[in-house]
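Residue numbers (the numbering used here): 782 to 878.
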């Protein structure tokens with residue numbers, strides 16, 4: 782992971798271990814994905830055996846893992862960081878001078 786944003790210079794990891802909190806967000810996203818996969822399977826195919834639910838939920842979790850990982854970090858950093866609309870212009874001015 783990069784240390785800073787290439788556009789605005791924002792430092793991603795505010796302190797050591799900052800993104801440990803993103804694990805809780807990733808857990809919540811995983812639960813939401815699991816419930817959505819289970820309910821959609823149940824509603825679309827009500828005669829599905831129980832083992833198929835387990836396989837479908839596991840496949841959906843594995844398939845969504847990259848999105849869950851990055852999404853959790855994005856959600857977590859947005860809890861603690863605010864962005865200024867002119868930050869990109871200021872950063873580009875500083876680096877071009």
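Glycine residues also receive a C-beta, built at the ideal position from the N, C-alpha and C atoms.
Extent of the continuous alpha helix (DSSP H) to which residue i belongs
i	result
residue 824	803-825
residue 847	846-861
Buried/exposed call for residue i, threshold 16 Cβ in 10 Å
i	result
residue 825	exposed
residue 797	exposed
residue 853	buried
residue 846	exposed
7 angstroms Cβ shell around residue i - same chain, five flanking residues per side excluded
i	result
residue 842	811, 814, 815
residue 782	793
residue 840	none
residue 834	819, 822
residue 795	861
residue 838	815, 818, 819
Integer-rounded CB distance, given that residue j should sit under 8 angstroms from residue i
i	j	result
residue 803	residue 857	4 angstroms
residue 850	residue 807	7 angstroms
Chain B within 8 angstroms of residue i, Cβ atoms only
i	result
residue 816	Going by chain labels, chain B is absent from the structure shown, which holds only one protein chain.
Practice prompt. Pair every Cβ in the segment 821-836 with every Cβ in the segment 790-808, then say whether three or more of these pairs are closer than 8 angstroms.
Written response: no
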